[in-house]
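Engineer: With this note's numbering applied, the sequence shown corresponds to residues 492 to 780, in that order.
We put the CB at the ideal spot given by N, CA and C, even for glycine.
This structure is in structure tokens; I'll ask about it shortly.
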Amino acid sequence: MNERLMEYAAGTLTPAERATVDAHLAGCDGCRADLAAWAGIAAAADPDVTPPGPALIRRVLARSVLSAVGPPARGGSGPNIDLVRAELRLLRVRVLVASAFVMALGVVLAVVQGGGAGDVLALVAPVVAAAGVSGVYGPRHDPAFEVVAATPTAQWLILLIRLTLVFGYDLILALAASAVVALLGGSVAGIWALVVAWLGPMALLSALSLLLVVWFGPDLAIGAALTLWSLRALSGSVLAQAGWLVDLTGVVWSTNLVTGLVAGVLTVAAVIVAGRGEPVRHSRATYLT
């Protein structure tokens, strides 16, 4: 009967078929409702029906302007909280697991090392954070890069949220590692000495990686971080004769006001670069060639 209703509304039934449908409609409320819907569709598709003119459009627009708009509905978590939740779902679990595994390995080495626990954590924590930050931006590592580029949400805001999530996670890992090493007697100087050993270089390497990943891509970002890490790791042995290099890595790999300021400047620069919109370089564009 539904097909007959379509033909009935379109006016293509024969008189005998129309009489049959009329008889059925007399006792069927559901079919009468369906017929009304089909009749509306047929009227909308009728080329002889005149579309609404400019006068009607002006009246609708005027009414929308003059009508009072109620206040936004209260409640809910707010757009920024929703954005944080969305970004949380985009964090790759394997990266989080790998960071925790490397940090746990650092704890074992720090406990075994004993007196050099601070040096071990100072090598492990910064490179873990830098590697995590290197994957927060770009089409190669971001499954939602195309969607993000097409949304009105500011790129710098998304970048800051991702940086906070990734760096915050690695910071918690490093703090937990320091606490475990201190509890297991891996450092006689206490937990604060362990934190001071890795906090400055961790912030500096993460900020440098963030700027490089936004500007040039993840390959250069992780490469630069590993280069600095290698210089620090070899400064006490192979590169010990290069005094100026040892001094330079010592300044970089320390927690002081200078490293904090440089890390802040690099982070601000990365946010500014990310806020410029669609990048020009192919390596930073929303498509891959």
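Taking the CB atoms as reference points, tell me whether residue 740 and residue 722 lie closer together than 8 angstroms.
Structural biologist: yes
Engineer: Note down the Cα distance separating residue 761 from residue 720, rounded to an integer number of angstroms.
Structural biologist: 21 angstroms
Engineer: Pairs of beta-carbons, one from the segment 691 to 698 and one from the segment 580 to 600, closer than 8 angstroms: are there three or more?
Structural biologist: no
Engineer: Under the rule that 16 or more other beta-carbon atoms within 10 Å means buried, what is residue 709, buried or exposed?
Structural biologist: buried
Engineer: What is the DSSP secondary structure of residue 781, reduced to helix, strand or coil?
Structural biologist: Outside the shown range of the chain, which is 492 to 780, sits residue 781, and nothing can be said about it.
Engineer: Quick check on residue 708: does DSSP put it in helix, strand or coil?
Structural biologist: coil
Engineer: Comparing C-alpha positions only, which one of 617, 763, 527, 703 sits nearest to residue 715?
Structural biologist: 703
Engineer: Taking C-alpha atoms, which residue in 657, 512, 662, 685 lies nearest to residue 672?
Structural biologist: 685
Engineer: Whose C-beta lies closer than 8 angstroms to the C-beta of residue 747 among residues of the same chain, with five residues either side of it excluded?
Structural biologist: If we look at residue 747 and ignore the five residues flanking it on each side, its Cβ neighbours are 691.
Engineer: What residues in its chain sit with their C-beta under 6 angstroms from that of residue 512, if we drop five residues either side in the sequence?
Structural biologist: 495, 499
Engineer: Note down the Cα distance separating residue 726 from residue 659, rounded to an integer number of angstroms.
Structural biologist: 29 angstroms
Engineer: Looking at the unbroken alpha helix (DSSP H) that takes in residue 582, where does it start and where does it end?
Structural biologist: It is not in any alpha helix (DSSP H) - residue 582 carries neither H nor E in the DSSP assignment.
Engineer: I need the boundaries of the alpha helix (DSSP H) containing residue 511, first residue and last residue.
Structural biologist: Here the alpha helix (DSSP H) through residue 511 covers 506 to 516.
Engineer: Over what stretch of residues does the alpha helix (DSSP H) that includes residue 749 continue unbroken?
Structural biologist: 748 to 765
Engineer: Please work out which residues of its chain come closer than 8 angstroms, Cβ to Cβ, to residue 523, disregarding the five sequence neighbours upstream and downstream, and give them in chain order.
Structural biologist: 516
Engineer: Should residue 670 and residue 616 be called a contact, given that it needs their Cβ atoms to be closer than 8 angstroms?
Structural biologist: The answer is no: Cβ separation not under 8 angstroms.
Engineer: Quick one: Cα of residue 645 to Cα of residue 759, how far?
Structural biologist: 15 angstroms
Engineer: Within a Cβ cutoff of 8 angstroms, which residues of the same chain sit near residue 526, ignoring the five residues on either side of it in sequence?
Structural biologist: 496, 499, 500, 516
Engineer: Identify whether residue 744 lies in helix, strand or coil by the three-state DSSP scheme.
Structural biologist: coil
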